[in-house]
Each structure stands twice: as C-alpha cells, then as structure tokens.
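Position 21, counted from 1, in the sequence shown is what full-length UniProt numbering calls 21; the numbers after and before it change by one each time, with no gaps.
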Amino acid sequence: KVILINLGEEDFIIQRGDRIAQLVIQKIFFPNFKIVKTLDKTKRGEGGFGHSGVKCSNK
C-alpha cells in the first residue's frame, strides 16, 4: 500500500500496474547517549538554541 496526495488542480488517474512509488532502504542509526551532570561551555553562550550567529563559518 502507498499513501498518495494529489496537490494538483486536475485528477490524476492511476491504473493497476502503474509505477508510482519507490522504496528507499536506509540504515537506522541508534546513538549511544551519555548522561552527564553538567555541560561544557559553548560558543553560543547564554543565547540559547540557534544563537550561534547568522553567518556560516567556512571551517
């Protein structure tokens, strides 16, 4: 089974045997978390999430 959504203005007719989907197989990553009591200082400082600047550093 495949879930399809037509965002177009016109009907789109699918006939039996039409190739309408593709299977993509990817490896699932299961990270190992480490529980810590404190976190190290970061360049972000006290600004919070997303406050490390607006320009990309080309490092």
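Here a beta-carbon is modelled for each residue, glycine too, at the ideal position from N, C-alpha and C.
Check	Outcome
Would L4 and I20 qualify as a contact pair, given that the criterion is a beta-carbon distance under 8 Å?	yes
Between I23 and F30, what straight-line distance do the alpha-carbon atoms span, to the nearest angstrom?	Per the sequence presented here, residue 23 reads as Leu, with Ile not at that position. About 21 Å.
Only counting the same chain, and skipping five residues up and downstream in sequence, which positions put a Cβ closer than 7 Å to that of V2?	I20, A21
Suppose you measure from the CA of G8 to the CA of Q26; what does that come to, to the nearest Å?	30 Å
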